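Here my numbering = 1-based position in the sequence shown + 9.
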Amino acid sequence: MIVEKATIIFIAVVLVILLSIRYIKRYAPENLVIIPLTTFFSCMYIFFTINGIYIPILIQTLIFVFAIILPINAVILQYNNIVLTRKILYYKMKYAYFSKEYEKTISYIEKLVSHEGRKREYLYILGQCYKNLNDFINARDSFALAIELDKNDYKSYYELGLILDETNKKETALAMFNRAIKIKPDFYEAHEALGICLTRQGKFNEAVSVYKKALEKFTNSYELYYNIAIIEMELGDYDSAKEAFENAGRIKPDLYTAFYNLGDINYLKGDLDGAIEEYRKILNSGVYGKKAYYKIAIVYATKKEYEKAMSSLEYAIELDPKYIESAKEEYIFKPMESLIQKYLHDKEILKIKEKDRRNYMKDKFKLFRKKDDVDVTQIDYSKDYSKVKDNNENLEVIKNA
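Given below as structure tokens:
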């Protein structure tokens, strides 16, 4: 018990001494409050201890807080050069940045820099803020200053490269990306950005080399395979493009664009069954499903399997009516023109019948109207019934069908 009390008194005395030294060597005005409080409660504890007086719980709590906890925290902050107000400002800046309040973040950074000077972290975040505000000049300068403070700041090299690429300073951008990769070889974003930058300059073979080298580190990157495939298609190397698309699709089974392009490649190479197989893989896609049905229709028409072609074309038209016009202009569908016109005619009849079914007033007065008997089966489907609305006589025939 005596040892415990002696330890508490010793700690309190040491803390007072440390705070006093800090105040003398480096001005710390808050110690003018902390030292008297610590001394007062330490003396109170010594007095109670020497006289064997019972210390109430409330007094014990106050002694513990002001003689031990408060001075310990003050010593830790002061001897680690942590100014509490600046630390609060720092966290406010970080919160504003993650909340995407970029102008407020800039304001906080300016205050921090005025107190602490330039730091790489502050300048990097400042650059990101300016970038998100589309102020590329200040963003560029911020990242450049961050690099001056830390030559190994690969993130600032990368961001500076992106800005230089956007502002059409391609060669300097390439140097920034290469520098970022040299500092951090497994920096995926820099590898991809380097390839994209080369592609934009028309340096396709160099871009492919960059992507293939990156694949040595990132073997499961479907984006790298996909980028290679697109470039190989541009270069006319369909075999290499096909292989790259297949790898991308293997890694990411729902990469519909890869299968769509594989279908196109197989079609161009004359592998019609292979093209149909690839297009069928994307029929469930909300975006590419209708395109796939239309492409399948083209392939079947090429194979002269017109019934299957018409079936696929109907699906495409149902999903997107614009394919009606596309089908009329597609040369490969010329031999099945009568099938298309029959489908459009039947579709128009169904539309009018559906409209009549909803017209309850028409049903109510049906007995007072004369009905003509028309045999719809005798209509010549080789005619262009897509213009039936413009022909009053044919319209009457259809309405009464």
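Glycine included, every Cβ here is placed at the ideal spot set by N, Cα and C.
Quantities reported herein were computed from a predicted structural model and do not represent experimental measurements.
Asked: Residue burial classification, D355 (beta-carbon count within 10 angstroms, cutoff 16); Found: exposed
Asked: Nearest-angstrom beta carbon gap, E287 and F268 [assumed within contact, 8 Å]; Found: 5 Å
Asked: Touch test, the region 36–46 against the region 12–23, Cβ-Cβ under 8 Å, three pairs minimum; Found: no
Asked: For S151 and L121, believed in contact at Cβ under 8 Å, the rounded distance; Found: Contact flag wrong, Cβ pair sits at about 14 Å.
Asked: Alpha-carbon to alpha-carbon, S108 and T228; Found: 35 Å
Asked: Assigned secondary structure, S335 (DSSP; H/G/I helix, E/B strand, else coil); Found: helix
Asked: Short Cβ contact (7 Å threshold) for Y276 with A257; Found: no
Asked: Integer Cβ distance of I115 from L135, believed to fall under 8 Å; Found: 6 Å
Asked: Helix, strand or coil at R95 [DSSP, three-state]; Found: helix
Asked: Helix, strand or coil at K179 [DSSP, three-state]; Found: helix
Asked: Unbroken alpha helix (DSSP H) run spanning T311, endpoints; Found: G298 to T311
Asked: L142 (DSSP reduced to helix, strand or coil); Found: coil
Asked: Residue environment, Y394, which counts as buried when at least 16 other CB atoms sit within 10 Å; Found: With a pLDDT of 41 at Y394, under the threshold of 50, the predicted position of this residue should be treated as unreliable, though the coordinate-derived value follows. Label assigned to Y394: buried.
Asked: Boundaries (first-last residue) of the alpha helix (DSSP H) holding N275; Found: Y265 to L277
Asked: Simplified DSSP state of S347, which is helix, strand or coil; Found: helix
Asked: Per-residue DSSP class, three states only, for I66; Found: helix
Asked: Cβ-based neighbour list, I309, same chain, cut-off 7 Å, excluding 5 preceding and 5 following; Found: Looking at the sequence itself, residue 309 is Tyr, so the reference to Ile does not match. Cβ neighbours of Y309 beyond the five flanking positions: K317, A318 and S321.
Asked: Heavy atom of the ligand PLP within 6 Å of L183 beta-carbon; Found: Summarising the ligand content, the structure contains no ligands, and the ligand PLP is consequently not present.
Asked: Nonlocal neighbours in the same chain, by C-beta distance under 7 Å from A76, ignoring five residues either side; Found: A21, T47, F50, S51 and Y54
Asked: Local conformation of R127 per DSSP, three classes; Found: coil
Asked: Expected contact under 8 Å - CB spacing of D195 and K164 to nearest Å; Found: The pair is not a contact, with the Cβ atoms about 13 Å apart (cut-off 8 Å).
Asked: I118 to G170 span [Cα, whole Å]; Found: 23 Å
Asked: Cutoff 7 Å; reference K304; Cβ partners in own chain excluding five residues on either side; Found: G272 and Y288
Asked: Extent of the continuous alpha helix (DSSP H) run through P45; Found: N40 to I59
Asked: Three-way DSSP call (helix, strand, coil) for I291 in this model; Found: coil
Asked: Nearest-angstrom Cα separation, counted from H200 out to K222; Found: 9 Å
Asked: Short Cβ contact (7 Å threshold) for A238 with A216; Found: no
Asked: Pairwise C-alpha distance: N177 and I333; Found: 43 Å
Asked: E327 to I205 span [Cα, whole Å]; Found: 38 Å
Asked: Three-way DSSP call (helix, strand, coil) for D280 in this model; Found: coil
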